[in-house]
Amino acid sequence: MTGFGKSSLQLPNKKVTVEIKSLNSKGLDLNFRMPSVFREMELGLRNQVAQKLERGKVEFSLFVEVTGEETTAKVNAPVVQSYINQLREVVDGDATELLKMAVRMPDALKTEREEIDENDWKAIQGVVDEALVNIKSFRASEGAALQKDFVTRIANIKALMEATVAHDGERIESVKTRLQNAIAELKVNVDENRFEQELIYYLEKMDITEEKVRLENHLNYFVETLEGNQANGRKLGFITQEMGREINTMGSKANHAQMQKLVVQMKDELEKIKEQVLNVL
Numbered sequence: 210m211t212g213f214g215k216s217s218l219q220l221p222n223k224k225v226t227v228e229i230k231s232l233n234s235k236g237l238d239l240n241f242r243m244p245s246v247f248r249e250m251e252l253g254l255r256n257q258v259a260q261k262l263e264r265g266k267v268e269f270s271l272f273v274e275v276t277g278e279e280t281t282a283k284v285n286a287p288v289v290q291s292y293i294n295q296l297r298e299v300v301d302g303d304a305t306e307l308l309k310m311a312v313r314m315p316d317a318l319k320t321e322r323e324e325i326d327e328n329d330w331k332a333i334q335g336v337v338d339e340a341l342v343n344i345k346s347f348r349a350s351e352g353a354a355l356q357k358d359f360v361t362r363i364a365n366i367k368a369l370m371e372a373t374v375a376h377d378g379e380r381i382e383s384v385k386t387r388l389q390n391a392i393a394e395l396k397v398n399v400d401e402n403r404f405e406q407e408l409i410y411y412l413e414k415m416d417i418t419e420e421k422v423r424l425e426n427h428l429n430y431f432v433e434t435l436e437g438n439q440a441n442g443r444k445l446g447f448i449t450q451e452m453g454r455e456i457n458t459m460g461s462k463a464n465h466a467q468m469q470k471l472v473v474q475m476k477d478e479l480e481k482i483k484e485q486v487l488n489v490l
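If you want it as structure tokens, here you go:
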């Protein structure tokens, strides 16, 4: 969701610049900065931005630089003259010095409210559209880089998962041997049939086949969702949560040093994916 878009427009007496910045956010959070004369148009601008940017903490700035000779601030001559007359009653000073003092007094300048020309307003809306196109282009470029990173990390998790499963047979044999040795050390008679039943039950509790199948499905679904044309950032976040559950379960069942090491590496890859998913619409 991070991005930046900028566009400018030269009107007869002013230059208008629009800047739009976007950061990560669960929803759409709009913050507008603009001259007071444009405040009446803020609602329309908010709708214009909201239609294009679905999520993100968005900072919208509209700057106006006067380039012509016109100005909305005028000297309030009657008020200034009144101040000068009052000052002369207090002090006998030079006219220029009295004028310098008078123009610093309240209401010495009056500001006439500037009305927005309809044609100018339509032109400004066009500038906003250009800035929105630019920020969406920026986001698309960032998204392409993120997609490439996601695909790489998903492939890494798959490879680590397969390596984990490859140790499963070795782990099972190790557990069997350890249990048989423990029984032998007790030097007691054991019902072989009962021992086999308990061993099978114990090994079933350690089996990670279901977790492997579910994790593989989640990984494939993540890539499938990633390649869709809709905004699926929240869905990708939910999928990563499910992936995390399966990886954690595999880790708790591992009871094997090498498998647990591989599980930690899978968790590391997944955390990096989760961090970047926050930047997806």
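Numbering (our numbering), first residue to last: 210 to 490. Glycine included, C-beta positions come from ideal geometry on N, C-alpha and C.
Legend entry - Own chain partners of D238 with C-beta closer than 8 Å, once the 5 adjacent residues on each side are dropped: G265, K266 and V267
Inset, instruction - Could you tell me the distance, in whole angstroms, from the CA atom of Q356 to the CA atom of V486? - result: 10 Å
Legend entry - For F269 and A259, the rounded distance between their alpha carbons: 11 Å
Inset, instruction - Please report the residue range of the alpha helix (DSSP H) in which F447 lies. - result: G442 to A463
Legend entry - K293: first and last residue of the uninterrupted alpha helix (DSSP H) it sits in: Residue 293 is actually Ile in this sequence, not Lys. First-last of the alpha helix (DSSP H) with I293: A286 to V299.
Inset, instruction - Would you grab the beta carbon distance between L435 and L445 for me? Rounded to a whole angstrom, and I think it's under 8 Å. - result: 7 Å
Inset, instruction - For the beta strand (DSSP E) containing K421, list its first residue and its last residue. - result: For K421, no beta strand (DSSP E) segment is defined; the enclosing uninterrupted segment is the alpha helix (DSSP H) at T418 to L435.
Legend entry - Endpoints, the alpha helix (DSSP H) within which S217 is located: Where S217 is concerned, there is no enclosing alpha helix (DSSP H), although the beta strand (DSSP E) it sits in stretches over G212 to Q219.
Inset, instruction - Could you please give me the residues that DSSP links to I482 through a beta bridge? - result: In the DSSP output, where bridge partners are listed per residue, I482 has none listed.
Inset, instruction - Please check the pair N343 and G214, which I expect to be a contact at CB under 8 Å, by giving their CB distance rounded to whole angstroms. - result: 3 Å
Inset, instruction - Measure the CB-CB distance between I417 and D477 and report whether it falls below 8 Å. - result: In this structure, D477 does not lie closer than 8 Å to I417 by Cβ.
Legend entry - Limits of the unbroken alpha helix (DSSP H) element including L355: E327 to A375
Legend entry - Pairwise C-alpha distance: A354 and T361: Their Cα atoms are separated by approximately 11 Å.
Inset, instruction - Express the C-alpha separation of T386 and K421 in angstroms, rounding to a whole number. - result: 25 Å
Legend entry - Residues that K414 bridges to, as DSSP identifies them: The partner list for K414 (beta bridge, DSSP) is empty, contrary to what the question assumes.
Inset, instruction - Please state if the CB of K223 and the CB of V273 are separated by a distance shorter than 8 Å. - result: In contact: V273 and K223 (Cβ atoms closer than 8 Å).
Inset, instruction - Could you check which residue in S461, G212, A286 and V489 has the C-alpha nearest to that of D358? - result: Of the candidates S461, G212, A286 and V489, the one whose C-alpha sits nearest the C-alpha of D358 is V489.
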